[in-house]
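Below: the structure, in structure tokens.
Protein chains in written order, with the working numbering: chain A, 11 to 295; chain B, 365 to 551.
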């Protein structure tokens, strides 16, 4: 595995700490390395695009400019982003900057305030893109087999849509091979690409909760759900009815467990749903 | 604030923004694939298809009389499936921006949250989640919501995921960027 520039995003320094921990330890275990973008700031999240397009473009553009300035390891252009919302914001900005000279000039006029400029060449890649296309998943990677467990792969929205990059945006399957290689079964369900309500869970909790309960209810036959986005994770862990709760892990936490990596190194005690049963699983790590 | 009776009474800048959305939506054939694909349609009293029609017919006052445009959670199902290839999620984002700029009642909660969010990152560069939520709850002026979030907040603090910090004063980390970008937007 190669080296990647790394954009953790705000959530991974706070409420999604365990996502950051597990991404870093997993990439290292797979033989890759991460170089964090220096002085990165917020991507703009949903807030900027709902209030002001030019602020949204400037916030994302700043991080792309810093990526270019930090320099790419291994001569690649890859920026690895674990959060789906950060991924989409950075990728949208990158595509707009590259496609339209006027957009690029406009962003650069703003960035000039900090002596930065952006060309628009970074390849913004979601963690799941990197894991599904840059790694060959074989059972030999997983000494702590997860046989007997059933996992519900939850993809959410923004790593799949609108940019069709590494998976089918209607019926995604890119997690199947890696989960399968751990020995676990993959739950056959329809909810993997359905929306969890995203930021509506905060501003309109009534509707957000219904979406979350639909997803959790459909995962009733699974031992856990795995996610690839801190917003999805937070919504699934906190917004549903108590009787629907099921352990929700970040994908790299689950893969790390099957590799036999220590619970603490994967931040498994930081999740809001109780996942101890999974590690006490007779075959599990 | 409430929406003026007709589009003509809007500030010119906002009229131009709405005209841009109208231009984006021109190829719409009213097939309703967007509404059928929308996870939030059941919480809307206007479907996405109806909203596009209102923009095209210059009947935005009816669109903004409803809270439906604020329900979009940016899942991009409509954009993916639109047979005309229209960037519908982006169009909805533009409609949200107009609602926020007019300080409409329907946009009140999201707008409060988004503005506090932007203030937060303007000051610190990265989101300070605890301060953001604290200010949001304060701004809601409703004691019930913070109480319902208290157990979650405590669980987060116990895990060291959020921590109380003194609010920052003085110049913000991203002041220059926000000012320069604001000027470009012409405000």
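Cβ atoms here follow ideal geometry from the backbone N, Cα and C, with glycine treated the same way. Computed from a predicted model, the values in this text were never measured in an experiment.
Going by alpha carbons, who is nearest to residue i out of the options?
i, options, result
"residue 204 (chain A)", "B:458, B:403, B:423 and B:373", "B:403"
"residue 34 (chain A)", "A:74, A:208, A:145 and A:18", "A:18"
"residue 22 (chain A)", "A:260, A:266, A:286 and A:270", "A:260"
"residue 152 (chain A)", "A:281, A:193 and A:168", "A:193"
"residue 544 (chain B)", "A:68, A:38, A:159 and A:215", "A:68"
"residue 456 (chain B)", "A:137, A:60 and A:101", "A:60"
"residue 235 (chain A)", "A:280, A:269, A:264 and A:248", "A:264"
"residue 518 (chain B)", "B:367, B:497 and B:530", "B:497"
"residue 538 (chain B)", "A:72, A:14, A:290 and A:105", "A:72"
"residue 425 (chain B)", "B:439, B:408, B:367 and B:400", "B:367"
"residue 213 (chain A)", "B:485, B:486 and B:481", "B:481"
"residue 160 (chain A)", "A:182, A:189 and A:168", "A:189"
"residue 99 (chain A)", "A:43, A:127, A:70 and A:106", "A:70"
"residue 250 (chain A)", "A:216, A:56 and A:285", "A:216"
"residue 547 (chain B)", "A:43, A:65, A:32 and A:36", "A:65"
"residue 268 (chain A)", "A:231, A:155 and A:277", "A:155"
"residue 182 (chain A)", "A:39, A:208 and A:237", "A:237"
"residue 529 (chain B)", "B:383, B:373 and B:495", "B:495"
Spatial neighbours of residue i within its chain, please: CB distance less than 7 Å, with the 5 preceding and 5 following residues excluded, ordered by chain position.
i, result
"residue 386 (chain B)", "419 and 420"
"residue 87 (chain A)", "131, 132 and 133"
"residue 477 (chain B)", "500"
"residue 409 (chain B)", "430 and 432"
"residue 101 (chain A)", "134 and 173"
"residue 391 (chain B)", "448 and 450"
"residue 485 (chain B)", "491 and 538"
In chain A, which residues lie less than 9 Å from residue i when you measure between Cβ atoms?
i, result
"residue 485 (chain B)", "20, 51, 52, 54, 55, 57, 58 and 69"
"residue 537 (chain B)", "51"
Return no unless some Cβ of chain B is closer than 8 Å to the Cβ of residue i.
i, result
"residue 288 (chain A)", "no"
"residue 209 (chain A)", "yes"
"residue 107 (chain A)", "no"
"residue 243 (chain A)", "no"
"residue 214 (chain A)", "yes"
"residue 42 (chain A)", "no"
"residue 273 (chain A)", "no"
"residue 253 (chain A)", "no"
"residue 80 (chain A)", "no"
"residue 163 (chain A)", "no"
"residue 202 (chain A)", "no"
"residue 221 (chain A)", "yes"
"residue 183 (chain A)", "no"
Leaving out five residues on either side along the sequence, give the residues of the same chain with a beta carbon under 6 Å from the beta carbon of residue i.
i, result
"residue 108 (chain A)", "130"
"residue 26 (chain A)", "240"
Could you list which residues in chain B have their beta carbon closer than 7 Å to that of residue i, in chain order?
i, result
"residue 205 (chain A)", "403, 437 and 439"
"residue 27 (chain A)", "525"
"residue 167 (chain A)", "439 and 440"
"residue 179 (chain A)", "444"
Flag residue i as yes if its beta-carbon sits less than 8 Å from any beta-carbon of chain A, otherwise no.
i, result
"residue 499 (chain B)", "no"
"residue 490 (chain B)", "yes"
"residue 429 (chain B)", "no"
"residue 470 (chain B)", "no"
"residue 426 (chain B)", "no"
"residue 455 (chain B)", "no"
"residue 420 (chain B)", "no"
"residue 443 (chain B)", "yes"
"residue 493 (chain B)", "yes"
"residue 460 (chain B)", "yes"
"residue 410 (chain B)", "no"
"residue 389 (chain B)", "no"
Can you list, in chain order, the residues of its chain whose CB lies under 8 Å from that of residue i, leaving out five sequence neighbours each side?
i, result
"residue 252 (chain A)", "none"
"residue 224 (chain A)", "201 and 204"
"residue 186 (chain A)", "163 and 196"
"residue 460 (chain B)", "433, 434, 436, 471 and 474"
"residue 378 (chain B)", "462, 465 and 466"
"residue 227 (chain A)", "254"
Can you name the residues of chain B whose CB is closer than 8 Å to the CB of residue i?
i, result
"residue 227 (chain A)", "The premise fails here: residue 227 (chain A) is roughly 15 Å from chain B at the closest Cβ pair, so nothing lies under 8 Å."
"residue 124 (chain A)", "540 and 541"
Since residue i meets chain A, which of its residues come closer than 7 Å, beta carbon to beta carbon?
i, result
"residue 479 (chain B)", "61"
"residue 407 (chain B)", "217"
"residue 545 (chain B)", "64, 65, 68 and 120"
"residue 467 (chain B)", "In chain order: nothing, as chain A lies at least about 12 Å away."
"residue 464 (chain B)", "60 and 61"
"residue 519 (chain B)", "282"
So with CB distances below 9 Å, who are the chain B contacts of residue i?
i, result
"residue 39 (chain A)", "Within chain B, no residue comes near residue 39 (chain A); the closest Cβ sits about 24 Å away, beyond 9 Å."
"residue 237 (chain A)", "Those do not exist, as residue 237 (chain A) stays about 15 Å from chain B at its closest Cβ, beyond 9 Å."
Under 8 Å between beta-carbons, which chain A residues line up against residue i? List them in chain order, please.
i, result
"residue 382 (chain B)", "Result: empty, since nearest Cβ-Cβ is about 14 Å, beyond 8 Å."
Meets three-Cβ-pair contact criterion under 8 Å: the region 102-122 of chain A and the region 79-88 of chain A: no
Cβ contact (3+ pairs, closer than 8 Å) linking the region 232-251 of chain A and the region 468-479 of chain B: no
contact_flag[the region 213-224 of chain A, the region 121-129 of chain A] where n(CB pairs < 8 Å) is 3 or more: Not touching, per the Cβ criterion.
Contact the region 443-456 of chain B vs the region 392-399 of chain B: 3+ CB pairs below 8 Å: yes
Touch test, the region 38-54 of chain A against the region 476-491 of chain B, Cβ-Cβ under 8 Å, three pairs minimum: yes
Given 8 Å, three or more beta-carbon pairs between the region 88-95 of chain A and the region 520-534 of chain B: Cβ pair count under 8 Å is below three, so no.
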